[in-house]
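Undergrad: The structure's right below; bear with me while I get my questions together.
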Amino acid sequence: MSEIAQEWKNESEQLEKAYKAGKIKAYERAKECIRTFSKMRYEIIYSKQYNKI
74 MSEIAQEWKN
84 ESEQLEKAYK
94 AGKIKAYERA
104 KECIRTFSKM
114 RYEIIYSKQY
124 NKI
């Protein structure tokens, strides 16, 4: 979980920098997409780990 949380933090910081530089117009939409993707990725990784037990 901490590895994924760190990835989300890094992605979020990169997105915010790009937004502040005026590179991303649809900031909230992009952030929501990344949040959803991160959640799905976590669920996939978690289910794989759970199935090994």
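Numbering-wise (this note's numbering), the sequence shown opens with residue 74 and increments by one. Glycine included, each C-beta is placed from N, C-alpha and C at the ideal position.
1. Once you ignore the five residues that flank Y115 on each side, which residues in its own chain have a CB closer than 6 Å to its CB?
2. Quick check on A91: does DSSP put it in helix, strand or coil?
3. Would the beta-carbon of K121 be found less than 8 Å away from any heavy atom of the ligand COA?
4. What's the C-alpha gap between R102 and S75?
TA: Taking the geometry as given:
1. Mapped onto the sequence shown, residue 115 falls at position 42. Cβ within range, chain order: I77.
2. The residue labelled residue 91 in the question sits at position 18 within the sequence shown. If DSSP states are grouped into helix, strand and coil, A91 belongs with the helices.
3. Only the bare structure without any ligand can be found here, which leaves the ligand COA out of the picture.
4. Your numbering for residue 102 matches position 29 in the sequence shown. Your numbering for residue 75 matches position 2 in the sequence shown. Distance between the alpha carbons of R102 and S75: 24 Å.
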